[in-house]
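**Q** Under numbering that gives the first Met the number 0, the first residue of the sequence shown carries the number 0, and numbering increases by one thereafter.
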Amino acid sequence: MLIYVLKRLALIVPTLFGILLLNFVIVQAAPGGPVERALAKLQGVPAAGQGPGGGFAGATADITASTGNRNYKGAHGVPPDLVKRIEKLYGFDKPAPERFWLLVKHYLSFDFGMSYYRDKPVSTLILERLPVSISLGLWSTLIVYLIAIPLGIRKAVRDGSAFDVWTSTAIIVGYAIPSFLIAIILVVLFAGGSYLEWFPLRGLVSDNFAQLSMWGKVCDYAHHVFLPTVSIVVGSFAALTMLTKNSFMDEIGKQYVQTARAKGLSENRVLYGHVFRNAMLIIIAGFPAAFVSVFFTGVLLIEYIFSLDGLGLLSFESVINRDYPVVFGTLFIFTLLSMLLRLISDLMYMWVDPRIDFERRSR
0 MLIYVLKRLA LIVPTLFGIL LLNFVIVQAA PGGPVERALA KLQGVPAAGQ
50 GPGGGFAGAT ADITASTGNR NYKGAHGVPP DLVKRIEKLY GFDKPAPERF
100 WLLVKHYLSF DFGMSYYRDK PVSTLILERL PVSISLGLWS TLIVYLIAIP
150 LGIRKAVRDG SAFDVWTSTA IIVGYAIPSF LIAIILVVLF AGGSYLEWFP
200 LRGLVSDNFA QLSMWGKVCD YAHHVFLPTV SIVVGSFAAL TMLTKNSFMD
250 EIGKQYVQTA RAKGLSENRV LYGHVFRNAM LIIIAGFPAA FVSVFFTGVL
300 LIEYIFSLDG LGLLSFESVI NRDYPVVFGT LFIFTLLSML LRLISDLMYM
350 WVDPRIDFER RSR
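Laid out in structure tokens, this is it:
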């Protein structure tokens, strides 16, 4: 097992390097970089890829000026010395290969540089936004498991009954509705949209959070995180419920279950003493991967709707603004966490069932 873990850890380095290189090359070709945006702002015209309102509108400046070996749209009439100073400010006074190697060198010490537009270190921005994303991902995953596993077991035991039919219909309908649409409905109904105003619409905690008692902080946090979590959960537990049901049904039909019943064991003893461990192998061991899935996907619109400053919203805004240090920093963190959690998922498989040997399979 130790050799397998070391191999997986060693693969993280070239994987991160390759992803950073690929994305670095892609963003160099994208119009509307920070230098071009700064020059366009001086001229009062929208930069490439940005409309007058600050969002994507496909508008570009038609005027171009040159400095050195680079051309910048919107730089007409700007003194070349000023253009060079702006290049130096954003680190674009060096060739692209040199900038990439400097980036890799700094990333080895987890130095992600300064944001172009927020005047903060990227690491500080990530640490500020991380609690929001972890809250949404962790609580959503836990609640999904707490709902899906008992429901899946119940459906397996009562396969074909009216309970199985109507619960299957309900979870399929929930799965078919996008999480952002559920979020909008919840806002309209319960967050002061048109009807009730039971829940807050902004932030993860209240402004007076620091002055609250411990119990008050817990209640305030739960009050804020409830609707976003429900929005994610409703469409997330369908697959896990059906996986749990099918796993239990597959185990229930095996010979050892029939033998246990023939020995006179109670149905609960058979179900939870023999079937449970084998049926739950893939489900329990897949918890880290499920967390990765919730953590990195489907939360951007939820964060936007509920005004939550999480990593998803930070990444999106950074891509729109061509804030390269934040783009690469969040990408690096996402990739690193994803690979580490998937390694933990494999280790959990081996812990739950020692018969699984990934090391032998990888040879």
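Ideal Cβ positions, reconstructed from N, Cα and C, are used throughout, including at glycine.
Owing to the predicted nature of the structure, the values given are computational and were not obtained by experimental measurement.
From the DSSP output, which residues share a beta bridge with Glu196?
**A** Bridge partners of Glu196: Ala190.
**Q** Am I right that Leu135 and Val298 are in contact with their C-beta atoms under 8 Å? What's the rounded C-beta distance?
**A** 5 Å between Cβ atoms; contact.
**Q** Taking the straight line between their C-alpha atoms, what separation do you get for Met248 and Ala155?
**A** Spanning the two alpha carbons is a distance of roughly 6 Å.
**Q** CB Leu102 to CB Phe315, shorter than 8 Å?
**A** Not in contact: Leu102 and Phe315 (Cβ atoms no closer than 8 Å).
**Q** Let me check one thing: in DSSP terms, what residues is Met213 bridge-paired to?
**A** Note: Met213 sits in no beta bridge, so no partner.
**Q** Taking the continuous alpha helix (DSSP H) assigned at Leu312, which residues delimit it?
**A** Its alpha helix (DSSP H) spans residues 310-319.
**Q** With DSSP collapsed to three states, give me the class of Pro120.
**A** Three-state DSSP puts Pro120 in a strand.
**Q** DSSP on Met279, reduced to helix/strand/coil?
**A** Met279 falls in the coil class under three-state DSSP.
**Q** By Cβ distance, which residues of its chain are closer than 6 Å to Thr228, with the 5 residues on each side in sequence left out?
**A** Excluding sequence neighbours, Thr228 sits near Trp138, Ser139.
**Q** Going by the DSSP bridge assignment, what does Met349 pair with across the sheet?
**A** Bridge partners of Met349: none, in fact.
**Q** Assign Arg276 to one of two classes, buried (16 or more other C-beta atoms within 10 Å of its C-beta) or exposed (fewer than that).
**A** Exposed: under 16 other Cβ atoms inside 10 Å.
**Q** Alpha carbon to alpha carbon, how far is Lys245 from Val256?
**A** Inspection of the sequence shows that residue 245 is occupied by Asn rather than by Lys. Each residue's alpha carbon lies about 16 Å from the other.
**Q** Leaving aside the five residues before and after Ala147 along the sequence, list all residues of the same chain whose C-beta is less than 7 Å from its C-beta, in chain order.
**A** Result list for Ala147: Phe236, Leu239, Thr240, Thr243, in chain order.
**Q** Would the beta-carbon of His223 fall within 8 Å of that of Leu203?
**A** Contact flag set, yes.
**Q** Locate the alpha helix (DSSP H) running through Gly173, then write down its first and last residues.
**A** Element bounds for Gly173: 161-175.
**Q** If I measure Cβ to Cβ from Asn22 and keep anything under 8 Å in the same chain, skipping five residues before and after, which residues do I get?
**A** If we look at Asn22 and ignore the five residues flanking it on each side, its Cβ neighbours are Val326, Phe327, Leu330.
**Q** How would you label Met213, buried or exposed, when you count the other beta carbons within 10 angstroms and need 16 or more for buried?
**A** It counts as exposed.
**Q** Which value, in whole angstroms, describes the spacing of the CA atoms of Leu211 and Thr123?
**A** Going from the Cα of Leu211 to the Cα of Thr123 covers about 25 Å.
**Q** Leaving out five residues before and five after Gly151 in sequence, what residues of the same chain have Cβ atoms less than 6 Å from its Cβ?
**A** The answer, listed in chain order, is Thr240, Thr243, Lys244.
**Q** Below 8 Å, how does it come out for the segment 253-268 and the segment 171-178: are there three or more Cβ pairs, yes or no?
**A** Contact between the segment 253-268 and the segment 171-178 is absent, because fewer than three Cβ pairs lie under 8 Å.
**Q** Quick one: what's Met113 bridged to in DSSP?
**A** Partner(s): Pro120.
**Q** For the alpha helix (DSSP H) that Asn207 lies in, which residues bound it at each end?
**A** Unbroken run through Asn207: none, as it is neither H nor E.
**Q** Residues in the same chain with beta-carbon distance under 7 Å from Val269, minus the five sequence neighbours each way, listed in chain order, please.
**A** Counting only Cβ-Cβ distances below 7 Å, and skipping sequence neighbours, we find Val256, Ala259, Arg260.
**Q** Mapping the DSSP letters down to three states, classify Arg341 as helix, strand or coil.
**A** It is helical.
**Q** If you draw a straight line from the C-alpha of Leu342 to the C-alpha of Arg7, how long is it?
**A** Looking at the two C-alpha atoms, the distance is approximately 7 Å.
**Q** Does the beta-carbon of Ala190 have 16 or more other beta-carbons within 10 angstroms, so that it is buried, or is it exposed?
**A** Buried, because 16 or more other Cβ atoms sit within 10 Å of the Cβ of Ala190.
**Q** With H, G and I counted as helix, E and B as strand and the rest as coil, what does DSSP make of Gly234?
**A** Three-state DSSP puts Gly234 in coil, outside helix and strand.
**Q** Should Pro324 go down as buried or exposed, given a rule of 16 or more other Cβ atoms within 10 Å for buried?
**A** The residue in question, Pro324, is buried, as its Cβ has 16 or more Cβ neighbours within 10 Å.
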